[in-house]
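Enquirer:
There are 2 protein chains.
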Amino acid sequence: MAPREGRSSRKTPREPLSSERIELAALKLIEQQEGLPAFSQRALARRLGVEAMSLYHWYPSQLDLMNALFDRVVGSLGVPASGTPVERLRAVSLAFRELALRHPAFVGGFVLPHRFNTAVGLALLEAMLRVFHDAGLDAAAASRRFRTWMHFLMGALLDETSGYARGPGAGAPPPDDDVARQFPLVAALGPYNKPAHHEAQFKAGLEAVLRGL
Amino acid sequence: MAPREGRSSRKTPREPLSSERIELAALKLIEQQEGLPAFSQRALARRLGVEAMSLYHWYPSQLDLMNALFDRVVGSLGVPASGTPVERLRAVSLAFRELALRHPAFVGGFVLPHRFNTAVGLALLEAMLRVFHDAGLDAAAASRRFRTWMHFLMGALLDETSGYARGPGAGAPPPDDDVARQFPLVAALGPYNKPAHHEAQFKAGLEAVLRGL
DNA sequence: ACCTGAACACCGTTCAAGT
DNA sequence: ACCTGAACACCGTTCAAGT
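Residue numbers (my numbering), protein chains in the order written: chain P, 13 to 225; chain V, 13 to 225.
Here you go:
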């Protein structure tokens, strides 16, 4: 969308690095084309117009940069402080989904498979648990319900970011007419796998799970 | 567990490669130590006592090898043909969990984030969908319930393989007493995060979700 | 048919050095 | 304080060659 960095400015003094600039460029790069697998310190540096080693002045390692991205993304989530428990859980669930759709490669590839044990991640978990606490549940009951809900949420978002919806699959899947012949029930689900149905599916699944709690 | 390959046999003619031997060694290597990130064609070849390029005689690329591992692992799952729908879903859910615990790095890192669109993967999906079909549901209703259940299952297994249970987290998480002070509800859940509780949590969550359907 | 050696274009990271 | 160049130990993969 912009043939800017590597080409133009030769004499204009280069905009200095900053964690803000690095992190925004990283998040943008991760969501482009080949996603997380194609993300590298060297590719990021190239995009920023610096040498790869410059990044080590700002983050001691690639993992530290990734953790900064995690905090930046997860830190944008909040849990409403008022409303019924179900309303509050519904709100943060939908907000998490919006976030995942905004950063599918990063959320699916890094956020979901990682423990939320940064200060920012723990603060989010604490706010979520407060909903269950406010509903009058003790630790054992809260743990059960919290985890069941989270498992549905993680699975649904994994599916929309890395799974059947857009994620990688086999290199040479069977052709469609073979699928129709050998796996008729799978084939019959085809229409419901379209992105147009995802939001409705997510909301219906969420209500079913909240009901089951 | 065995100082065998790289050391001893110099004069004994090396056991020839085979896809069986390669795949078993790969699955074993993936579950060792540093997991999927440390897995490489070169490391696998080293372990097998051959050069990395030899693997290309058996699989055209690393991705093809991974897909073969996917089929080998996922192909071991089956859905009971008889029983009530809930019994059949419960059985395959528990079997999937056992499989995930036997291959946590591979299931969490490769199977769950990938589309089940190999012939083997599609056959499993078809068998799962047959349960919903046998329950008399039309395609729309089956799709809703199937996906909600799968989302819970994927999320739960992701958590047990790559998430809070054993997966990677921030390099420098806040120390425990800081957590206890700032995030008391999170800290109160500590005891329930122990592996001893995982099976009970999984079963309880599964029943809640099946009830919600 | 099965395996190898050399080479190419990549990685993350360290270290000493430049401004 | 901020950035760089050269180097090290890795990657996956191609290609021509060995047996």
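The C-beta atom is built at its ideal place from N, Cα and C for all residues, glycine as well. As the structure is a prediction and not an experimental result, all values here were calculated from the model.
If I follow the unbroken alpha helix (DSSP H) through residue 29 of chain V, where does it start and stop?
Expert: Translated into the one-based positions of the second sequence, residue 29 of chain V becomes position 17. Where residue 29 of chain V is concerned, there is no enclosing alpha helix (DSSP H), given that its DSSP letter is neither H nor E.
Enquirer: Tell me the DSSP secondary structure of residue 66 of chain P in three-state form.
Expert: Translated into the one-based positions of the first sequence, residue 66 of chain P becomes position 54. Looking at residue 66 of chain P - three-state DSSP - the assignment turns out to be helix.
Enquirer: Do residue 137 of chain V and residue 227 of chain P come within 7 Å of each other at the CB atom, strictly closer than that value?
Expert: The structure shown does not extend to residue 227 of chain P, since chain P is modelled only from 13 to 225, so the question has no answer here.
Enquirer: Name the residues in the segment 180-206 of chain V whose C-beta lies less than 7 Å from a C-beta of chain P; which are they?
Expert: Per Cβ criterion, the list reads 180, 181, 182, 183, 185, 186, 191, 195, 197, 198, 200, 201, 204.
Enquirer: Report the three-state DSSP secondary structure of residue 207 of chain P (helix, strand or coil).
Expert: Here residue 207 of chain P is taken as the residue at index 195 of the first sequence, counted from 1. Correct three-state label for residue 207 of chain P: helix.
Enquirer: Please list the segments of the alpha helix (DSSP H) lying wholly inside the segment 93-141 of chain P, counting only runs of 4 or more residues, in order along the chain.
Expert: Complete alpha helix (DSSP H) runs here, min 4: 97-114.
Enquirer: Does DSSP classify residue 174 of chain P as helix, strand or coil?
Expert: Here residue 174 of chain P is taken as the residue at index 162 of the first sequence, counted from 1. Residue 174 of chain P: coil per DSSP, three-state reduction.
Enquirer: Using a cut-off of 8 Å between C-beta atoms, extract the partners of residue 120 of chain V located in chain P.
Expert: For the purposes of this step, residue 120 of chain V is identified with residue 108 of the second sequence, where counting begins at 1. By Cβ distance, chain P contributes 125.
Enquirer: Excluding the 5 residues flanking residue 19 of chain V on each side, which residues of the same chain have their C-beta closer than 7 Å to its C-beta?
Expert: Within the second sequence, residue 19 of chain V is the residue found at index 7, counting from 1. Any reading at residue 19 of chain V must be qualified, since the residue scores a pLDDT of 35, below 50, and its modelled position is unreliable; the value itself is stated next. Excluding positions up to five away in sequence, the list is empty.
Enquirer: Can you give the Cα-Cα distance for residue 68 of chain P and residue 53 of chain V, rounded to whole angstroms?
Expert: Residue numbering aside, residue 68 of chain P sits at position 56 when the first sequence is read from its first letter. Residue numbering aside, residue 53 of chain V sits at position 41 when the second sequence is read from its first letter. Distance between the alpha carbons of residue 68 of chain P and residue 53 of chain V: 29 Å.
Enquirer: Within the 7 Å Cβ cut-off, does residue 74 of chain V reach chain P?
Expert: The residue given as residue 74 of chain V occupies position 62 in the second sequence. Taking Cβ atoms only, chain P never reaches closer than 7 Å to residue 74 of chain V, which makes this a no.
Enquirer: How far does the alpha helix (DSSP H) with residue 47 of chain P in it extend, from its first residue to its last?
Expert: Your numbering for residue 47 of chain P matches position 35 in the first sequence. Run containing residue 47 of chain P: 47-50, per the alpha helix (DSSP H) assignment.
Enquirer: Report the rounded CA-to-CA distance for residue 135 of chain V versus residue 63 of chain V, giving the unit in angstroms.
Expert: What you label residue 135 of chain V is simply residue 123 of the second sequence in a count that begins at 1. What you label residue 63 of chain V is simply residue 51 of the second sequence in a count that begins at 1. Between residue 135 of chain V and residue 63 of chain V, the C-alpha separation is close to 35 Å.
Enquirer: Are residue 60 of chain V and residue 38 of chain V closer than 7 Å when you measure CB to CB?
Expert: As a working mapping, residue 60 of chain V is identified with position 48 in the second sequence. As a working mapping, residue 38 of chain V is identified with position 26 in the second sequence. No. Outside cutoff.
Enquirer: At 7 Å on the CB atoms, spell out the chain P contacts of residue 213 of chain V, in chain order.
Expert: What you label residue 213 of chain V is simply residue 201 of the second sequence in a count that begins at 1. In chain order: 156, 159.
Enquirer: Kindly list, in the order they appear in chain P, the residues whose Cβ is closer than 7 Å to that of residue 94 of chain V.
Expert: Taking the second sequence and counting its residues from 1, the one referred to as residue 94 of chain V is at position 82. Within chain P, no residue comes near residue 94 of chain V; the closest Cβ sits about 18 Å away, beyond 7 Å.
Enquirer: For residue 65 of chain P, I'd like the list of residues in its chain whose CB is within less than 6 Å of its CB, leaving aside the five on either flank, ordered along the chain.
Expert: Position 53 of the first sequence, counting from 1, holds the residue named residue 65 of chain P. There are no such residues.
Enquirer: Report yes if the CB atom of residue 117 of chain P is closer than 7 Å to the CB atom of residue 34 of chain P, and no otherwise.
Expert: Indexing the first sequence from 1 puts residue 117 of chain P at position 105. Indexing the first sequence from 1 puts residue 34 of chain P at position 22. The answer is no: Cβ separation not under 7 Å.
Enquirer: Within its chain, find whatever has a CB closer than 8 Å to the CB of residue 158 of chain P; leave out the 5 residues flanking it on each side and keep chain order.
Expert: Taking the first residue of the first sequence as 1, we reach residue 158 of chain P at position 146. If we look at residue 158 of chain P and ignore the five residues flanking it on each side, its Cβ neighbours are 140, 141, 144.
Enquirer: Rounded to a whole number of angstroms, what is the C-alpha to C-alpha distance between residue 221 of chain V and residue 95 of chain P?
Expert: As a position in the second sequence, residue 221 of chain V is number 209, starting the count at 1. As a position in the first sequence, residue 95 of chain P is number 83, starting the count at 1. Rounded to the nearest angstrom, the two C-alpha atoms are 24 Å apart.
Enquirer: With distance defined between alpha-carbon atoms, name the residue in P:129, P:111, P:70, P:181 nearest to residue 186 of chain V.
Expert: The count along the second sequence starts at 1 and reaches residue 186 of chain V at position 174. Residue P:129 is the option with its Cα nearest to residue 186 of chain V.
Enquirer: Alpha helix (DSSP H) containing residue 72 of chain P: first to last residue?
Expert: Here the question's residue 72 of chain P lines up with position 60 in the first sequence. Looking at the DSSP string, residue 72 of chain P is not in any alpha helix (DSSP H), and its letter there is neither H nor E.
Enquirer: Leaving out five residues on either side along the sequence, give the residues of the same chain with a beta carbon under 6 Å from the beta carbon of residue 162 of chain P.
Expert: Taking the first sequence and counting its residues from 1, the one referred to as residue 162 of chain P is at position 150. Counting only Cβ-Cβ distances below 6 Å, and skipping sequence neighbours, we find nothing.
Enquirer: Flag residue 108 of chain V as yes if its beta-carbon sits less than 7 Å from any beta-carbon of chain P, otherwise no.
Expert: For the purposes of this step, residue 108 of chain V is taken as the residue at position 96 of the second sequence. False, the Cβ-Cβ gap to chain P never drops below 7 Å.
Enquirer: Starting from the beta carbon of residue 171 of chain P, find every residue of chain V whose beta carbon is closer than 7 Å, and list them in chain order.
Expert: Position 159 of the first sequence, counted from the first residue, corresponds to residue 171 of chain P. Under the 7 Å cutoff, chain V gives 163, 166.
Enquirer: What did DSSP end up calling residue 83 of chain P once you bin it into helix, strand or coil?
Expert: Stepping through the first sequence from its first residue, residue 83 of chain P is reached at position 71. Residue 83 of chain P: helix per DSSP, three-state reduction.
Enquirer: Please check if any C-beta of chain V sits within less than 7 Å of the C-beta of residue 151 of chain P.
Expert: Mapped onto the first sequence, residue 151 of chain P falls at position 139. Chain V, which has a Cβ nearer than 7 Å to the Cβ of residue 151 of chain P, makes this yes.
Enquirer: Verify whether the separation of the beta carbon atoms of residue 167 of chain V and residue 214 of chain P is less than 7 Å.
Expert: Here residue 167 of chain V corresponds to residue number 155 of the second sequence, with the count starting at 1. Here residue 214 of chain P corresponds to residue number 202 of the first sequence, with the count starting at 1. Contact flag unset, no.
Enquirer: DSSP on residue 61 of chain V, reduced to helix/strand/coil?
Expert: Residue 61 of chain V sits at position 49 when you count from the first residue of the second sequence. In this structure, residue 61 of chain V counts as coil in the three-state DSSP scheme.
Enquirer: So residue 47 of chain V packs on residue 121 of chain V, CB below 8 Å; how close in whole Å?
Expert: Within the second sequence, the letter at position 35 stands for residue 47 of chain V. Within the second sequence, the letter at position 109 stands for residue 121 of chain V. Right, the Cβ-Cβ distance comes to about 7 Å (below 8 Å), so this counts as a contact.
Enquirer: Under three-state DSSP, which class holds residue 180 of chain V?
Expert: Within the second sequence, the letter at position 168 stands for residue 180 of chain V. Residue 180 of chain V: coil per DSSP, three-state reduction.
Enquirer: Does residue 131 of chain P have its Cβ less than 7 Å from a Cβ in chain V?
Expert: The sequence position of residue 131 of chain P within the first sequence is 119, counting from 1. Residue 131 of chain P counts as touching chain V.
Enquirer: Sort P:72, P:171, P:105 by Cα distance to residue 90 of chain P and report the nearest one.
Expert: Taking the first sequence and counting its residues from 1, one reaches residue 90 of chain P at position 78. With distances taken between Cα atoms, residue 90 of chain P lies closest to P:105.
Enquirer: Return the chain-ordered list of same chain residues with a C-beta closer than 6 Å to the C-beta of residue 77 of chain P, the five sequence neighbours on each side being excluded.
Expert: In the first sequence, the residue the question calls residue 77 of chain P occupies position 65. Within the same chain, residue 77 of chain P has close Cβ partners 71.
Enquirer: Mind listing the chain V neighbours of residue 174 of chain P? Cutoff is C-beta to C-beta under 7 Å, in chain order.
Expert: Numbered from its first residue, the first sequence carries residue 174 of chain P at position 162. Those are 125, listed as they occur along chain V.
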